[in-house]
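> Protein chains in written order, with my numbering: chain U, 1455 to 1519; chain X, 4 to 715.
In this text, a Cβ means the ideal position worked out from N, Cα and C, and glycines have one as well.
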Amino acid sequence: MIEVDDKKITWSEHMTVSSLLKNLEDVESCAVVRLNGRLVSSPDFSETKIPDNSRIQLLPLVAGG
Amino acid sequence: MEQIHLKEIKSVSYEKAEIKKGYTDQSLRVNLDSNDIIINPIQEKIKNKFIGGKGYDLWLMWNAVSGDTKWNDPENAICISSGPLGGTPGYPGGGKSIVTSISPLTGAPIDSNVGGYFGPYKKFSGFDVIQVDGKAKENTIVLIDGIENKIKIFEAKDLPTDSYELSKVLTRHFDETKPVNVSVVTAGPGAAHTFFGCLNFSWWDAGRKMVRYKQAGRGGIGTVFADKKLKAIVARFGAVSMKSNNPADLDALKLVTKTHAKEIHELDPKQNRMALVGTIHLVPIMNDHDCLPVHNFKFGSHPESRVIGEEVYEHIFDKGFDGCWKGCAVACAHGVKDFSPFTGPYRGKKVFVDGPEYETVAGCGSNLGIFDAQTILEINFYCDAYGLDTISVGTSLGFVMECFENNQITKEHTGGMDLSFGSRFNALEIIHQMARGEGFGAIVGKGIRKMKEIFAKDFGADMAFMQDIGMESKGLEFSEYITKESLAQQGGYGLALKGPQHDEAWLIFLDMVHNFMPTFENKAEALHWFPMFRTWFALCGLCKLPWNDIVPEDNKNNPEPAKVVKHIGWYADFFSAVTGRKTSSDDLISMSEAVYNFQRIFNLKMGYGTRQHDALPYRAVGPVTVEEYESRQKRYDGQLKEKYGLDITGMDSTDKVAALRKKREEQYELLKDAVYERRGWNKNGIPTVKTVKRLGIDFPEVMEVLKKNGVV
Ligand code: SF4
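1) Let me have the residue list for ligand 1: C-beta closer than 5 Å to any non-hydrogen atom, ordered along the chain.
2) Flag U:L1493 as yes if its beta-carbon sits less than 8 Å from any beta-carbon of chain X, otherwise no.
3) At least one CB of chain U closer than 8 Å to the CB of X:W509: is that the case?
4) So if DSSP puts X:W62 in a beta bridge, which residue, or which two residues, is it bridged to?
5) Pick helix, strand or coil for X:Y216, following the three-state DSSP scheme.
6) Counting only beta-carbon atoms, is X:F533 nearer than 8 Å to chain B?
7) Give the DSSP-derived three-state secondary structure of X:V554 in the structure shown.
8) Alpha carbon to alpha carbon, how far is X:G612 from X:A618?
9) In its own chain, which residues sit with a C-beta less than 8 Å from the C-beta of X:W74, not counting the 5 before and 5 after it?
10) Is the distance from the Cβ of U:I1510 to the Cβ of U:M1469 below 8 Å?
11) May I ask which residues mark the beginning and end of the beta strand (DSSP E) holding X:W207?
12) Should U:R1492 and U:L1513 be called a contact, given that it needs their Cβ atoms to be closer than 8 Å?
13) DSSP three-state call for X:F428: helix, strand or coil?
14) Is it a yes or a no for the region 45-52 of chain X touching the region 516-528 of chain X, going by three-plus beta-carbon pairs under 8 Å?
15) Any Cβ of chain X within less than 8 Å of the Cβ of U:S1496?
16) Give me the chain U residues within the contact set of X:D552, using Cβ-Cβ distance strictly less than 8 Å, ordered along the chain.
17) Give the residues from the region 494-526 of chain X that approach chain U closer than 7 Å (Cβ to any Cβ), ordered along the chain.
18) What does a CB cutoff of less than 7 Å around X:T282 pick up in its chain, not counting 5 residues either side in sequence?
19) Once DSSP output is grouped into helix, strand and coil, what is the label at X:D39?
20) Measuring only between beta-carbons, confirm whether X:A565 sits less than 8 Å from chain U.
21) Quick one: give me the first and last residue of the alpha helix (DSSP H) that X:Q377 is part of.
22) Is X:L391 closer than 8 Å to X:K57 when the C-beta atoms are compared?
23) Ordered along the chain, which non-local residues of its own chain (more than five positions away) have a Cβ less than 6 Å from that of X:Y679?
24) At a cut of 8 Å, does the region 670-678 of chain X reach the region 640-648 of chain X through at least three beta carbon pairs?
25) Measure how close the beta-carbons of X:R239 and X:D178 come, nearest whole angstrom, since I'm counting them as under 8 Å.
26) Among residues of its own chain, excluding the 5 on either side of X:S482, which ones have a beta-carbon nearer than 7 Å to its beta-carbon?
27) Using a beta-carbon distance cut-off of less than 7 Å, what residues from the region 557-585 of chain X approach chain U?
28) Can you tell me which of the three DSSP states X:C543 falls into?
29) Buried or exposed: where does X:N116 fall if 16 or more other Cβ atoms within 10 Å of its Cβ makes it buried?
30) Might you give, ordered along the chain, the residues of its own chain that have their beta carbon closer than 6 Å to the beta carbon of X:V554, omitting 5 neighbours on each side?
31) Cβ closer than 7 Å: which chain X residues qualify as neighbours of U:S1483?
32) Would you please verify whether the beta carbon of U:P1514 is less than 8 Å from any beta carbon of chain X?
33) With a threshold of 16 other CB atoms inside 10 Å of the CB of X:L607, please say whether the residue is buried or exposed.
34) Determine the chain U residues that contact X:K273 at a beta-carbon separation under 7 Å, and present them in chain order.
35) Could you tell me the alpha carbon to alpha carbon distance between X:G241 and X:E11, rounded to whole angstroms?
36) Take X:H416 and list the residues in its own chain whose beta-carbon comes closer than 7 Å to its own, dropping the five residues that flank it on each side.
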């Protein structure tokens, strides 16, 4: 089980940030997530594996300075 | 405390204007030639059109200067304003000052939005805006004392030379028992010897019991300040409350303040954690999206950037409340305690460093090839103490380093210093030289535009190459984002009124990452809406960060998430509650549009403000060199083939650089056309008579400027 923005989601083997986002709604503007406290940006989504029991926060649209 | 000597040369008592609905309806003018202190009413029609803040500054500036005025002429003014909403304690970002002057770098009006308590204290002392002009003969301090209701001018002797110490000493001097009542504006020795001097605005950190600083950084207003022999402007005022603005509807004000602050308290820890890391979260994000400036904006990422990102600074920042305005829930103005510099006059002493923010880390770190958190802290500290804009310092030094590595300049010109990327000790030495106005640092302190002339004329450097790599536009150094893959952000920089600062528009992600604006029309719409809305913060005396750096949880469901529509509604409520003017979200845009176009015409009055002045160095648009092209060859080859339909077989990298350049430069010109049309400007980038009339800024003197430029 993983937690995405306080919601529990079933974990699966080989789960990546990309594959997770594909199954979520309204995430078109998500370019950065915090995976267990570490920032992961969209160019790395497909290579970033999500371990079981992870906590993920979907960060809102990056707004710049 | 150091012994300072202040000789009072003028003192005027005044009756404090009652604040009504966020306004005092008065301006204060201090002329340093004659020491005249003049209080003027602000007319209703000016208030309705210019709103406050930057609008008031620009109106006063327009009347103070002629088209021939240069930055160091006595009539050039420094204007500092709050705005009708400024000074609302507890409203996130509710206490900014907006500073304007004619810039030594651009020759046109520059504006800077800065924290600290000065703007609100000045307003509550009775003045919506202060204008300082003329030139003093001796070092001078101006005091606006809203407790005693006095304006005083002092000749000053035996002052500490740097801004860091000077603000401390003056805070204690003007209110020994209640330092929280004082906010000081100072420049520093670097401001006197460079063209990109900044101003430090102080605020009292009650938790740490010390003076803290925020910087009005851009465009050299500190240089103008120092040239006037102004050492400080001090505002003194007592307790501030929600009632201080005498709002039209106090209950509505309390409600909207509480709602916005509560949301930030709840959501910031789940989003960007600005209360912990400030804007430093952007370092790894920009790096990962290839947008972090590395080696003079050549590249957008570097493997070592992790050591200057949030993971490091989070542990270095001193814990505590860091709001540069009273009760700001974002509280992002972090600092580092007990830092011990390893160079310069503070070597070995313990100091508190206010910062760094993202711009300083990117500009003075990755852009210079300096991947060392401690060196960045030291650069940050000395820039503030000397009164230097860290953005212009970082971008200028990046240019110097690339020129050095390309043999455009050599050790013969730099006083024997190796200024290759990564030369951290020599970068620091240049900063110390800037403060002293000595050596090669004195040349660097003139900014990139002047350096290009000097390097070409005196050192025989290649002007065409320097035009391509020198990251300035309109004479102002770029702030710290790579724009090569975002045409919209190229416009965000190139079409910005004062020069390439991202406070008008930050569209990189919307454009490059999400492709939310695929057509020229989409980009033009964004380059209309965002600058207009962002201008509104500067009219009202607010900080922009709470608008879109923390967003409602349901924002993603909105069809236009980038606008953060719910917050715009709150800002309209905020404006209505304070001023009593029933205001909708759309009204905020029309307020700004008049001032925005007025500023464009102000540029025109000063001899700028047309299409040619919206030009960009090619480094901001695409790869200048083969090295840059080949570093991202797959991307660029793909674009040449797929986007532009070119057959690249047989082309070498030099041919490809040229082919891509032709296409990208064409695109930028097309973007200009689209944006000018959307803004109601002609092909030369000048507001049309129809636009000026629609916005109600068709004053005779405005029409005169348009006529002089062939717009009738
Ligand atoms: S959001 Fe940050 S910069 Fe803006 S007022 Fe608050 S503390 Fe200052």
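The short version:
1) X:G96, X:G118, X:G326, X:C327, X:W328, X:C331, X:V333, X:C335, X:A336, X:C546 and X:L548
2) yes
3) yes
4) X:W62 pairs with nothing; no bridge assigned.
5) strand
6) Chain labels in this structure do not include chain B; the protein chains are U and X.
7) coil
8) 11 Å
9) S104, I105, S106, P107, G110, G223, T226, V227 and D230
10) no
11) L202 to D208
12) no
13) helix
14) no
15) yes
16) A1517
17) H505, W509, I511, F512, V516 and H517
18) C335, E360 and Y361
19) strand
20) yes
21) A376 to Y389
22) no
23) G688
24) no
25) 6 Å
26) E362, I394, P503, Q504 and H505
27) N558, K559, N560, P564 and A565
28) helix
29) buried
30) V567
31) H517, K559 and P564
32) yes
33) buried
34) Q1511
35) 23 Å
36) F443 and F462
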